[in-house]
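Structure record follows, encoded as structure tokens.
Protein chains: 4
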Amino acid sequence: MIIQLEKNCSLTEKEATLSYLKSLKFSITEVKTQSGDYLVCIGKSEFDIRNIGNLPGVSDVHIVSDNYKLVSKKWKVKNTEINLGDNVIIGGNTPSIMAGPCSLESEEQMQKIITHLLKNNIKILRGGVFKPRSSPYAFRGAGIEGLKMMKQITEPHGIKIITEVMQVSQIEEMMPYVDVFQVGARNSQNFNLLDALGEIDKPVMIKRGISGTIEELLYSAEYVFSKGNEKLLLCERGIRTFETAYRNTFDINAIQVLKEKSHLPVIADPSHGVGIRDYVAKLALASLISGADGVIYEVHEKPEEAISDGQQTLNFFESDQLNSKINLLKAVNVFT
Amino acid sequence: MIIQLEKNCSLTEKEATLSYLKSLKFSITEVKTQSGDYLVCIGKSEFDIRNIGNLPGVSDVHIVSDNYKLVSKKWKVKNTEINLGDNVIIGGNTPSIMAGPCSLESEEQMQKIITHLLKNNIKILRGGVFKPRSSPYAFRGAGIEGLKMMKQITEPHGIKIITEVMQVSQIEEMMPYVDVFQVGARNSQNFNLLDALGEIDKPVMIKRGISGTIEELLYSAEYVFSKGNEKLLLCERGIRTFETAYRNTFDINAIQVLKEKSHLPVIADPSHGVGIRDYVAKLALASLISGADGVIYEVHEKPEEAISDGQQTLNFFESDQLNSKINLLKAVNVFT
Amino acid sequence: MIIQLEKNCSLTEKEATLSYLKSLKFSITEVKTQSGDYLVCIGKSEFDIRNIGNLPGVSDVHIVSDNYKLVSKKWKVKNTEINLGDNVIIGGNTPSIMAGPCSLESEEQMQKIITHLLKNNIKILRGGVFKPRSSPYAFRGAGIEGLKMMKQITEPHGIKIITEVMQVSQIEEMMPYVDVFQVGARNSQNFNLLDALGEIDKPVMIKRGISGTIEELLYSAEYVFSKGNEKLLLCERGIRTFETAYRNTFDINAIQVLKEKSHLPVIADPSHGVGIRDYVAKLALASLISGADGVIYEVHEKPEEAISDGQQTLNFFESDQLNSKINLLKAVNVFT
Amino acid sequence: MIIQLEKNCSLTEKEATLSYLKSLKFSITEVKTQSGDYLVCIGKSEFDIRNIGNLPGVSDVHIVSDNYKLVSKKWKVKNTEINLGDNVIIGGNTPSIMAGPCSLESEEQMQKIITHLLKNNIKILRGGVFKPRSSPYAFRGAGIEGLKMMKQITEPHGIKIITEVMQVSQIEEMMPYVDVFQVGARNSQNFNLLDALGEIDKPVMIKRGISGTIEELLYSAEYVFSKGNEKLLLCERGIRTFETAYRNTFDINAIQVLKEKSHLPVIADPSHGVGIRDYVAKLALASLISGADGVIYEVHEKPEEAISDGQQTLNFFESDQLNSKINLLKAVNVFT
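Chains as they are written, first to last, in our numbering: chain V, 7 to 342; chain C, 7 to 342; chain X, 7 to 342; chain D, 7 to 342.
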């Protein structure tokens with residue numbers, strides 16, 4: 007059960023509500039987010055929901071049968087929109103495009119990519135500065151200095167930055183330079199990181215685990231939301247299966263399932279979803295036509311020279327073409 | 007290596023070619039299909055390809071590095087088209103739609119479905135009369151008499167029939183009533199059935215195994231082709247993974263991979279691919295935008311009353327809407 | 007629900023029972039096996055079980071909540087024993103060992119393997135003559151003549167033969183030469199083959215599908231049993247997962263689960279279960295200690311020269327050592 | 007390539023070696039562990055290994071073709087032993103048993119479990135105080151105070167503690183009370199945590215990811231080793247597959263593969279490996295007979311009342327019986 011408190015709910019009213027709920031043997035989590043105060047109640051008591059709805063200070067009550075609560079569409083039917091400022095909105099009527107290199111490499115690289123984004127009217131730059139790598143001997147990113155440089159270059163153009171955070175201790179230093187924090191697939195169940203991201207006021211995109219279930223992804227989002235941050239995005243990026251013909255099996259079913267179960271925006275990552283350049287563009291279109299609120303993909307002036315993930319990175323020409331097709335489809339209103 | 011023989015290659019010429027190939031230690035399979043005579047040569051000998059190309063009676067020679075040969079795009083770059091007659095062509099410029107109930111139930115049901123197909127200009131009816139079921143106690147289909155009835159009803163309208171064959175002994179009795187034989191996921195590696203279907207002159211659509219690899223699907227097609235039948239379609243219908251939020255994980259990546267590796271038409275089955283009615287239509291569109299040559303889906307007047315698979319079956323209204331969207335997308339030329 | 011009829015149940019009594027069951031809206035399958043007559047009733051009616059138990063001609067009634075019925079331990083608590091004659095019993099107190107080459111190759115090979123089996127007191131020879139192969143160009147077995155030769159060589163020694171049957175049409179010709187028919191992983195849901203094997207009086211071992219669930223394996227056994235053959239063995243042979251460090255992921259959990267859910271003997275195939283020779287012996291021991299009723303493994307005088315599966319085949323010395331260890335463990339009574 | 011430096015290698019000698027290696031275009035990681043100084047060299051240069059081996063200060067040089075280096079058996083053939091003090095050694099000739107509750111609950115619980123461990127001569131207590139849980143609303147452990155209490159109770163008996171660490175910031179406060187840090191399956195690729203654990207001098211056991219490959223597990227261990235901590239244990243705890251009959255698919259093949267590829271001790275976790283109490287004991291025996299250096303399992307006085315994981319926890323009687331069987335098998339020397 008989720009109880010929404012009124013904006014001007016007094017402390018006394020809240021205490022009275024809590025005490026009534028405790029008498030019903032509920033385990034209660036108090037959640038204060040950017041846009042509201044909630045009481046999440048876990049338990050199996052029988053009760054008359056009207057008795058709660060009529061309590062002073064209570065604005066609304068919802069029974070949520072899902073195991074995750076705050077991220078469920080069962081209490082919040084309207085889709086969540088995330089506003090990054092400068093009219094950059096995720097989860098609205100038009101698909102969001104996020105593009106950029108796997109890793110930040112140099113200022114020159116950034117300048118070129120910005121030009122490419124501007125040309126295609128893309129408002130969100132992706133680019134890693136902290137890179138999770140299977141091997142300790144691989145390139146692990148340009149670090150915080152790289153991020154500062156990204157910010158310096160993108161800011162004058164109103165372009166927003168999404169980049170991966172790998173550990174709690176990075177959050178604070180990254181804060182001023184990041185518009186959306188990305189939690190990578192390998193950290194999808196790093197609960198301490200999720201807790202910490204629940205305490206900030208910046209959007210967070212959570213990637214599905216390498217073999218995470220859809221329910222686990224929603225639970226991970228619930229971690230962040232229940233700590234107070236409801237600016238959340240979910241990302242499908244492919245799962246691990248027996249098939250070895252490509253890097254990951256993109257789970258296109260997950261897009262529709264997530265959209266039905268949750269009110270949060272859903273982003274598709276076709277680059278990781280298949281891992282092979284030639285297949286990325288069509289996979290992006292297929293994701294959007296399935297109802298994704300946006301796509302995040304890798305693009306680089308010369309993919310074959312990229313430090314990482316070049317094999318799944320579009321070049322500028324391919325990216326131009328993809329955006330033309332997206333615009334064509336937008337024009338005929340099939341993304342609904 | 008695949009050697010194409012000339013139409014008028016004489017027996018003597020062929021013998022000379024075979025004897026030369028044997029001298030190179032090749033293991034040779036002679037294949038005679040509806041449209042040509044081939045020698046498939048397996049081996050690792052070093053040789054000058056021109057020596058073979060110049061042999062009398064040889065029309066062309068191709069090195070094919072894939073393990074499957076005849077179904078590979080490495081020797082036949084042009085996509086295969088399957089002509090079912092009455093201008094019903096699969097694999098051409100326009101997506102093929104195959105629709106109908108999971109199981110044939112009654113003549114009345116057939117009449118209604120035919121009306122629905124005609125309304126939407128759908129030329130191929132799907133409908134099972136032999137049903138593979140996990141449990142021996144479940145409904146196993148209307149059998150050959152049902153198939154005869156289907157034929158009687160569809161024929162006057164020029165509508166073609168695709169239906170599943172489960173065993174060798176059914177092929178002959180089904181022949182007069184079937185336009186495309188379907189090999190189901192559970193029979194995807196029933197090699198005796200594949201061998202037998204290689205000896206007939208009717209198109210065969212092979213579904214990917216429940217956890218079959220893409221390569222295994224191509225090998226299964228190679229079985230049929232190498233026995234003499236090159237009228238083949240491949241079908242992606244979802245694979246088995248750890249995710250339990252839906253019936254199967256539709257492997258949308260497979261469509262592009264199959265189109266790149268093989269010259270055979272690729273059909274998507276969104277009904278089995280997700281197993282939940284509400285998600286079928288968008289999955290069909292996503293498949294087509296990924297490059298599928300067609301879709302096969304389940305439709306029924308009253309899905310909730312269908313004998314089998316009702317939970318993944320569209321009703322007529324949903325099917326109408328799907329076809330409108332397909333037509334809209336065809337009009338803007340995104341299926342290419 | 008399973009109803010066991012008395013041996014001397016009269017036709018009139020049976021008809022009365024059937025008619026009573028039909029009045030309860032049950033769907034009934036009559037099953038006549040080597041050891042009894044059963045009525046398998048599917049339905050959700052409410053009724054007093056005593057009313058059925060007291061009917062003339064009824065010997066026993068069991069409610070079976072599993073979806074599979076006849077193979078369930080819920081009605082037959084005692085483990086099934088399969089007697090192959092000559093005191094060769096599977097499913098009794100002592101583990102059964104089945105060993106031999108992947109494929110039958112020559113008479114000389116057979117003579118050597120027989121000597122090896124006799125030395126180790128192994129009573130069941132495995133050896134394929136019909137081989138399912140992914141590629142149509144691979145070796146597909148020595149065929150029926152090979153099987154006849156196997157029989158000729160083993161019979162004087164009281165050694166029994168287990169070998170794979172691939173299609174319905176082979177059953178009859180194989181009958182005189184086979185002691186246990188094996189259904190391979192790829193045919194695990196070839197329902198027509200299972201039906202046909204249900205109509206013979208010879209033991210059948212069904213391998214789990216390449217990604218078959220435990221429940222599907224039990225259903226496949228139910229197919230055979232419900233057609234009249236209750237001489238059944240189940241075989242765990244590894245499943246397909248994301249891991250590529252070995253051929254299959256041996257599902258050791260399945261052994262205990264199958265033993266709990268079913269009364270049928272469970273055999274482990276460590277050769278296919280891991281696919282790497284060095285790991286086969288320990289995997290065999292681990293299977294037996296988990297409760298398997300036996301193991302089936304590949305052994306060859308010179309594995310590196312075997313026509314197929316050499317990489318997972320033990321040589322004679324390794325096989326000797328494995329049997330010594332099995333005997334050591336038998337002596338301390340850990341296989342219980 | 008791994009270069010071992012001599013204990014008394016001088017700075018000048020080391021610099022000379024480094025400079026020679028750089029001239030060969032190697033990328034070098036300097037590693038200083040508890041027992042040695044290593045240079046891990048990544049690169050593809052051609053060179054004469056003797057030229058390196060003969061450099062002053064160099065004690066040994068090994069070419070390691072695996073992608074992971076320091077954890078590979080290719081340079082260190084002898085198995086690693088981890089000495090926890092008080093003669094508690096992991097990786098020696100006798101299997102290590104680690105047992106205890108999923109979560110620490112109370113002092114009374116601890117007293118009872120200690121009595122049980124002493125009775126069975128078990129030297130290592132497992133017990134979680136920081137619990138990773140899918141849902142933010144679930145019990146998340148007794149925390150550091152719980153750990154202190156565990157230490158107080160176990161220390162007088164010479165019993166060692168293994169417990170899970172979830173984030174970098176916990177390491178320091180946990181240090182005085184922990185004998186082996188456990189990295190859980192969900193943190194298996196939390197690279198920052200692995201880095202931090204590489205900088206301490208306490209043993210670390212890394213669990214395989216929920217669908218981590220064997221290679222990824224070895225890479226995760228390489229992270230820790232390459233930062234300076236070579237006191238490492240690997241743990242197989244089951245993987246995620248399509249099968250839903252139990253919690254995880256225990257990958258018994260992995261034990262033998264890990265033992266062959268790495269010199270590190272391998273521990274099996276049969277409790278998580280199957281997730282069902284009745285199957286845990288046999289799975290423990292099967293793991294040991296496959297070559298595991300030890301087992302870690304859950305035991306509780308009253309599993310049905312345990313705060314977490316009760317369904318996979320043995321009671322004292324079952325645990326006694328398991329240890330009797332382990333002792334019986336030790337006596338006949340099958341664990342080798």
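No residue lacks a Cβ here, since even glycine has one placed at the ideal position from N, Cα and C.
Residue interval of the beta strand (DSSP E) (run including residue i)
i                 : result
Gly300 of chain V : 300-304
Phe187 of chain V : 186-189
Leu11 of chain V  : 8-11
Tyr44 of chain X  : 43-48
Residues near residue i in its chain [Cβ-Cβ closer than 6 Å; skip 5 each side]
i                 : result
Ser314 of chain D : Cys108, Ser109
Ala148 of chain V : Leu110, Val135
Trp81 of chain X  : Ile8, His68, Val70
Gly316 of chain C : Pro309, Glu310
Minimum C-alpha distance to residue i - residue among the options
i                 : options                               : result
Ile69 of chain X  : X:Gly49, X:Ile88, X:Asp92, X:Glu87    : X:Gly49
Asn57 of chain D  : D:Val135, D:Tyr26, D:Gly281           : D:Tyr26
Lys38 of chain D  : D:Ala22, D:Cys15, D:Phe32             : D:Cys15
Gln327 of chain X : X:Thr18, X:Lys28, X:Lys125            : X:Lys125
Thr247 of chain D : X:Thr219, X:Ser51, X:Val340           : X:Thr219
Met116 of chain D : D:Phe136, D:Ser141, D:Gln40, D:Leu153 : D:Leu153
Leu223 of chain X : D:Glu52, D:Ala251, D:Gly106           : D:Ala251
Thr35 of chain D  : D:Lys208, D:Tyr143, D:Val46, D:Thr18  : D:Val46
Glu347 of chain X : X:Lys288, X:Ile216, X:Gln40, X:Leu294 : The first residue shown for chain X is 7 and the last is 342, placing residue 347 of chain X beyond what the model contains.
Leu294 of chain C : C:Glu21, C:Lys28, C:Leu76, C:Thr100   : C:Thr100
Glu242 of chain X : X:His269, X:Ser51, X:Gly190           : X:Gly190
Ser232 of chain X : X:Leu264, X:Asp43, X:Thr86            : X:Asp43
Unbroken alpha helix (DSSP H) run spanning residue i, endpoints
i                 : result
His278 of chain C : 276-280
Leu334 of chain X : 322-337
Ala251 of chain D : No alpha helix (DSSP H) contains Ala251 of chain D, which DSSP labels as neither H nor E.
Met211 of chain D : It is not in any alpha helix (DSSP H) - Met211 of chain D instead sits in the beta strand (DSSP E) that spans 210-213.
Arg132 of chain C : Looking at the DSSP string, Arg132 of chain C is not in any alpha helix (DSSP H); the run it does join, the beta strand (DSSP E), is 130-132.
Same chain only: Cβ atoms within 7 Å of residue i, ignoring 5 sequence neighbours per side
i                 : result
Ala202 of chain X : Val174, Ile177
Ser65 of chain V  : Gln10, Leu11, Glu12
Ser296 of chain D : Ile258, Ile261, Gln262
Gly59 of chain V  : Val67
Leu123 of chain D : Ala105, Leu131, Ile165
Close-in-space but distant-in-sequence residues of the same chain around residue i (CB under 8 Å, 5 per side omitted)
i                 : result
Lys166 of chain X : Leu90, Gly91, Asp92, Val94, Lys129, Ile130, Leu131, Thr160, Asp185, Val186
8 Å contact criterion, which residue i and residue j should meet: CB distance rounded
i                 : j                 : result
Ile88 of chain X  : Lys237 of chain X : 5 Å
Gln318 of chain D : Ile282 of chain D : 6 Å
Ser33 of chain X  : Tyr74 of chain C  : Actually they do not touch by this definition, with Cβ atoms about 44 Å apart.
Val280 of chain X : Leu320 of chain X : No, Val280 of chain X and Leu320 of chain X are not in contact; Cβ-Cβ is about 12 Å, not under 8 Å.
Interface positions of the stretch 182-206 of chain V facing chain D (Cβ-Cβ less than 7 Å), listed along the chain: Listed by position along the chain: Arg192, Asn193, Gln195, Asn196, Phe197, Asn198.
Positions along the stretch 202-236 of chain D whose CB lies within less than 7 Å of some CB in chain V: Cβ contacts with chain V come from Ile216, Ser217, Glu222, Tyr225, Glu228, Tyr229, Ser232.
Interfacial residues, the stretch 248-259 of chain X to chain V, with Cβ spacing under 8 Å: For the stretch 248-259 of chain X, which is checked against every Cβ of chain V, the residues closer than 8 Å are Phe248, Thr250.
Against chain X: residues of the stretch 267-279 of chain D by CB proximity under 9 Å: Residues are counted here when their Cβ sits less than 9 Å from a Cβ of chain X; for the stretch 267-279 of chain D these are Lys267, Gly279, given in chain order.
Interfacial residues, the stretch 137-151 of chain X to chain V, with Cβ spacing under 7 Å: Contacts with chain V (Cβ-Cβ distance below 7 Å) from the stretch 137-151 of chain X involve no residue at all.
Interface residues of the stretch 294-313 of chain D facing chain X [CB-CB below 7 Å]: Within the stretch 294-313 of chain D, the residues whose Cβ lies closer than 7 Å to some Cβ of chain X are Ile295, Ser296, Gly297, listed in chain order.
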